[in-house]
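There are 2 protein chains.
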Amino acid sequence: MAGRPKIFDEQEVISKAAQVFWEKGYEAASAEELLKAMGIGKGSFYLFFKGGKKELYEKSLQQFASNLLSRLRKEIAESQNPFEYLKTFFLELSDGANVHKAKGCFMGNALVEMAAKDEYTRKMIAKLLFELEEIFVDVIQTSKDKNVIKTDKSAELLGSHLLNLWNGINITKRMNMNDASLAALIKFNLDMVG
Amino acid sequence: MAGRPKIFDEQEVISKAAQVFWEKGYEAASAEELLKAMGIGKGSFYLFFKGGKKELYEKSLQQFASNLLSRLRKEIAESQNPFEYLKTFFLELSDGANVHKAKGCFMGNALVEMAAKDEYTRKMIAKLLFELEEIFVDVIQTSKDKNVIKTDKSAELLGSHLLNLWNGINITKRMNMNDASLAALIKFNLDMVG
DNA sequence: TTCATTCTGTACCAATCAGTACAAAATTTG
DNA sequence: CAAATTTTGTACTGATTGGTACAGAATGAA
Numbered sequence: 001m002a003g004r005p006k007i008f009d010e011q012e013v014i015s016k017a018a019q020v021f022w023e024k025g026y027e028a029a030s031a032e033e034l035l036k037a038m039g040i041g042k043g044s045f046y047l048f049f050k051g052g053k054k055e056l057y058e059k060s061l062q063q064f065a066s067n068l069l070s071r072l073r074k075e076i077a078e079s080q081n082p083f084e085y086l087k088t089f090f091l092e093l094s095d096g097a098n099v100h101k102a103k104g105c106f107m108g109n110a111l112v113e114m115a116a117k118d119e120y121t122r123k124m125i126a127k128l129l130f131e132l133e134e135i136f137v138d139v140i141q142t143s144k145d146k147n148v149i150k151t152d153k154s155a156e157l158l159g160s161h162l163l164n165l166w167n168g169i170n171i172t173k174r175m176n177m178n179d180a181s182l183a184a185l186i187k188f189n190l191d192m193v194g
Numbered sequence: 001m002a003g004r005p006k007i008f009d010e011q012e013v014i015s016k017a018a019q020v021f022w023e024k025g026y027e028a029a030s031a032e033e034l035l036k037a038m039g040i041g042k043g044s045f046y047l048f049f050k051g052g053k054k055e056l057y058e059k060s061l062q063q064f065a066s067n068l069l070s071r072l073r074k075e076i077a078e079s080q081n082p083f084e085y086l087k088t089f090f091l092e093l094s095d096g097a098n099v100h101k102a103k104g105c106f107m108g109n110a111l112v113e114m115a116a117k118d119e120y121t122r123k124m125i126a127k128l129l130f131e132l133e134e135i136f137v138d139v140i141q142t143s144k145d146k147n148v149i150k151t152d153k154s155a156e157l158l159g160s161h162l163l164n165l166w167n168g169i170n171i172t173k174r175m176n177m178n179d180a181s182l183a184a185l186i187k188f189n190l191d192m193v194g
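Quick mapping for you: the protein sequence lines, in order, are chains X and L. Each residue of the first sequence is one higher than the one before, starting from 1 at the first, in full-length UniProt numbering. Each residue of the second sequence is one higher than the one before, starting from 1 at the first, in full-length UniProt numbering.
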């Protein structure tokens with residue numbers, strides 16, 4: 001296998017690009033800005049990303065979601081009380097000091113931007129969010145089975161409720177409510193589950 | 001007052017522009033497309049909108065919200081049971097046949113796009129959404145006072161919950177859940193209020 | 001050390017972006 | 001009618017967009 005060695009790792013540059021897309025969105029993230037963040041030139045980029053900016057965006061979303069989902073699954077699996085873990089997971093959203101404060105949810109943002117523009121990408125994003133919902137459903141079902149939570153509602157309904165809570169809070173928090181109100185709102189919604 | 005008469009009504013062209021911004025977002029809505037929808041040329045546009053595209057965007061949001069809020073206030077005032085009216089208002093979101101299906105909430109979309117980009121516009125949008133929340137709070141407080149709903153939670157908390165429900169559903173619906181599940185999710189959240 | 005292969009950086013591209021300049025058109029006033 | 005005023009349509013601007021072409025750099029194999 002001859003040839004000049006490549007100077008970058010694909011997963012690494014996708015991760016860098018994802019940060020730019022997360023903050024700016026698809027349209028507003030310029031190719032120049034993305035390449036600068038990735039630390040590679042146009043020659044290399046268009047050789048390895050034949051689909052250009054769109055391919056990079058989709059891979060950014062895929063990788064980002066994949067990391068989030070697997071980290072979440074892992075921490076839930078290791079947790080003594082998965083439902084309590086889920087609560088802290090949501091309550092982190094009310095931390096105004098968080099670095100990602102104004103950025104919201106990368107997937108939610110992408111869904112907003114792509115829903116009316118690109119059906120293929122919309123479906124892709126929807127699938128990723130449904131995976132997140134599935135994690136919620138599983139935790140709820142298990143918690144129900146173990147009598148950790150008491151409810152007469154189905155795990156599916158409650159799971160979709162948590163996904164919707166996630167989607168909602170990631171919008172609402174950007175109105176810059178004070179942290180306490182946001183936390184109270186989240187707690188109220190979590191108490192609805194069990 | 002002499003001079004060539006203008007061929008357009010300001011409120012009317014803003015309304016047309018709002019439709020384009022609502023569907024495409026700020027960045028993706030091109031000046032050409034906006035002007036075409038508004039039915040006026042560049043000469044007229046830049047004469048009356050000195051602030052260009054950004055001014056048009058802000059006025060679109062203001063006008064859109066103003067219309068929504070006053071219509072909502074009016075229908076609530078005329079309603080026999082304001083809380084029941086609010087329920088139908090939310091349940092309309094689950095109608096997949098709705099024309100505005102994929103567009104979500106204009107203000108929510110704008111908040112997503114502007115939150116990390118333009119603090120002035122973000123604040124403006126936040127204020128509009130807080131006005132919507134205020135309407136929810138008022139209806140809830142009145143309904144509590146009249147014993148239409150029973151709850152030990154404050155109207156403020158429940159109002160913020162409804163705003164967050166609004167924000168959330170407008171994202172979640174774009175995952176293309178089936179109408180029945182979406183309606184069940186909304187009903188579940190409304191039942192939490194009273 | 002030469003060759004084939006692979007990757008990189010730069011120069012370049014047409015298309016599109018929001019916005020400006022300005023002459024002509026359409027009106028009221030005198 | 002002519003003059004003053006206001007709006008309109010078009011031609012044009014420089015900047016930026018995502019993307020391409022390609023020469024040359026860096027490697028392994030022969």
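For glycine and all other residues, C-beta sits at the position ideal for the given N, C-alpha and C.
Ignore the nearest five residues each way along the sequence and tell me which others in residue i's own chain have a CB closer than 7 Å to its CB.
i	result
L/Leu190	Lys87 and Phe90
X/Glu133	Gly159, Ser160 and Leu163
L/Lys53	Ala31
L/Arg174	Ala102 and Gly104
X/Gly29	In the sequence under discussion, the amino acid at residue 29 of chain X is Ala, which differs from the Gly named in the question. Hits under 7 Å: Val20 and Phe21.
L/Glu55	Phe49
X/Gln62	none
Could you pull out every residue in the same chain whose Cβ sits closer than 6 Å to the Cβ of residue i, ignoring the five residues on either side in sequence?
i	result
X/Arg122	Met114 and Ala115
L/Leu129	Met107
X/Leu165	Asn189
L/Leu111	Ile125
X/Tyr26	Tyr57 and Glu113
L/Tyr46	none
X/Thr151	Gly194
Residues of chain X with CB closer than 7 Å to the CB of residue i, please, in chain order.
i	result
L/Glu23	Ala116
L/Gly159	Going along chain X, no residue has its Cβ under 7 Å from L/Gly159, so there is no contact; the nearest lies around 10 Å.
residue 195 of chain L	The shown model of chain L, from 1 to 194, leaves out residue 195 of chain L, and the question about it has no answer.
Find the nearest neighbour of residue i within the set the options, judged by alpha-carbon distance.
i	options	result
X/Gly41	X/Leu129, X/Pro82, X/Phe8 and X/Ile171	X/Phe8
L/Trp22	L/Ile149, L/His161, L/Asp152 and L/Ser60	L/Ser60
L/Ile14	L/Lys24, L/Lys6, L/Ala29 and L/Phe64	L/Phe64
L/Gln11	L/Pro5, L/Ala110, L/Ser79 and L/Phe48	L/Phe48
L/Lys6	L/Lys24, L/Gly39 and L/Leu34	L/Gly39
X/Phe136	X/Thr151, X/Asp145, X/Asp118 and X/Glu156	X/Glu156
L/Lys16	L/Ala29, L/Leu34 and L/Glu92	L/Leu34
L/Lys127	L/Glu55, L/Lys36, L/Ala2 and L/Ser66	L/Ser66
X/Asn176	X/Glu75, X/Lys50 and X/His100	X/His100
X/Lys153	L/Ile171, L/Lys187, L/Glu131 and L/Gln19	L/Lys187
X/Lys117	L/Ala2, L/Ala18, L/Arg4 and L/Lys24	L/Lys24
L/Leu72	L/Glu131, L/Asp145, L/Lys146 and L/Ala2	L/Glu131
X/Arg4	X/Glu92, X/Ser44, X/Ile169 and X/Leu69	X/Ser44
X/Ala18	X/Asn109, X/Ser70 and X/Glu75	X/Asn109
Which same chain residues, not among the five before or five after residue i, have their C-beta less than 8 Å away from its C-beta?
i	result
L/Asp179	Ser94, Asp95 and Gly96
L/Ile149	Phe83, Ile140, Ser143, Val193 and Gly194
X/Lys79	In the sequence as displayed, the identity of residue 79 of chain X is Ser instead of Lys. Tyr85, listed in sequence order.
X/Glu92	Asn98
X/Ala183	Leu91 and Ser94
How about residue i: is its Cβ closer than 7 Å to a heavy atom in the ligand COA?
i	result
L/Asp138	The ligand content of the structure shown is nil, which means the ligand COA is not present either.
If the cut is a Cβ gap below 8 Å, which residues of chain L does residue i touch?
i	result
X/Leu165	Asn164 and Gly168
X/Asn109	Val112
X/Phe130	Met175
X/Leu185	Leu157, Ser160, His161 and Asn164
Could you give the first and the last residue of the continuous alpha helix (DSSP H) run that contains residue i?
i	result
L/Phe106	Phe106 to Met114
X/Met38	Ala31 to Met38
X/Leu69	Gly52 to Glu78
X/Gly168	Ala155 to Thr172
X/Val193	Looking at the DSSP string, X/Val193 is not in any alpha helix (DSSP H), and its letter there is neither H nor E.
X/Met124	Glu119 to Asp145
X/Leu86	Pro82 to Leu91
X/Gly43	Lys42 to Phe48
X/Ile14	Glu10 to Lys24
I want to verify the contact list: residues of chain L whose CB lies under 7 Å from the CB of residue i, in sequence order.
i	result
X/Glu113	Gly25
X/Thr172	Leu163, Asn164 and Asn167
Name the chain X residues whose beta carbon is nearer than 9 Å to that of residue i?
i	result
L/Ser181	Glu156, Leu157 and Ser160
L/Lys146	Going along chain X, no residue has its Cβ under 9 Å from L/Lys146, so there is no contact; the nearest lies around 23 Å.
Along chain X, which residues have their Cβ under 8 Å away from the Cβ of residue i?
i	result
L/Lys150	Those within 8 Å of L/Lys150 in chain X number zero; the least Cβ separation is about 16 Å.
L/Lys153	Phe188
The segment 7-40 of chain L: positions lying closer than 8 Å to chain X by Cβ: Going along the segment 7-40 of chain L in chain order, one finds Glu23, Lys24, Gly25, Glu27 and Ala28 with a Cβ nearer than 8 Å to chain X.
Near-chain L residues of the segment 55-68 of chain X (beta-carbon distance less than 8 Å), N- to C-terminal order: Residues passing the 8 Å Cβ filter: none.
Contact residues within the segment 83-112 of chain X, judged by C-beta distance below 7 Å to chain L: Residues Ala102, Lys103, Gly104, Gly108, Asn109, Leu111 and Val112.
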